[in-house]
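To get this note's numbering, take the position in the sequence shown, counting from 1, and add 68.
Yeah, the Cβ is synthetic: ideal placement off N, Cα and C, and Gly gets one too.
Note that the coordinates shown come from a computational prediction; the quantities given were computed from them, not determined experimentally.
The structure under discussion appears below in the form of structure tokens.
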Amino acid sequence: MWQNIQSKIQDWTQIQHTLTQWRDISAQIAFTNGCFDILHYGHVYYLAEARALGDKLIVGLNSTDSVRRLKGKHRPINDELTRLHLLASLQCVDAVVLFEEDTPLQLIQHIQPDILVKGGDWKIEQIVGSDVVQSRGGIVKNLPYVSGYSTTNIEQKVLKQKI
């Protein structure tokens with residue numbers, strides 16, 4: 069089981085080999101991305117729904133440095149290794165690829181997914197890489213946001229607790 073989880077964590081070269089295999093069987097490739105710092109219900113719901121849109125789901129994961137630039141020096145709370153393995157352990161996730169940039173544009177260009185998915189807090193035209201996917205005839209979709217669930221909310225709740 070552990071080897072199965074680890075095999076889902078792929079670098080940019082490995083994912084190309086995996087994509088070739090998936091495309092040989094005409095699999096529809098869905099892609100999403102994020103920091104996934106503290107995995108919560110909203111994430112799991114969103115990832116399961118993203119996977120339901122395609123035959124395979126690739127998750128682009130922001131590196132530690134990328135998360136810090138986007139969220140501040142206090143983030144991420146969970147380290148890269150933990151975040152990679154938590155995502156890879158989910159049945160609905162078929163591959164996880166780390167990216168160093170602030171946006172997943174280069175990774176999307178590299179993967180060329182059939183379906184690009186983000187949460188409902190993103191308008192289609194704001195989704196990074198939407199032009200890349202749509203120019204190939206692909207689908208860009210925003211899924212409903214699950215209110216009340218966010219890493220920031222969890223972080224604030226923990227900080228308010230007296231230890």
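- Only exposed fits Leu138, as fewer than 16 other CB atoms lie within 10 angstroms of its CB.
- Taking 3 residues as the minimum length, the beta strand (DSSP E) runs contained wholly in the segment 158-199 are 163-167 and 183-187, in order along the chain.
- Sorting Lys191, Gln229, Ile207 and Ala116 by C-alpha distance to the C-alpha of Leu158 places Ala116 at the top.
- Listed in chain order, the beta strand (DSSP E) runs fully inside the segment 89-129 are 97-102, counting runs of at least 3 residues.
- The bridge partners DSSP lists for Val208 are Leu184.
- The segment 176-193 makes no contact with the segment 132-149: fewer than 3 CB pairs, one atom from each, lie closer than 8 Å.
- Distance check between Thr81 and each of Leu166, Arg136, Gly102 and Ile207 places Leu166 closest, using alpha-carbon atoms only.
- Membership of Arg143 in any alpha helix (DSSP H) is not indicated, and neither H nor E is assigned to it by DSSP.
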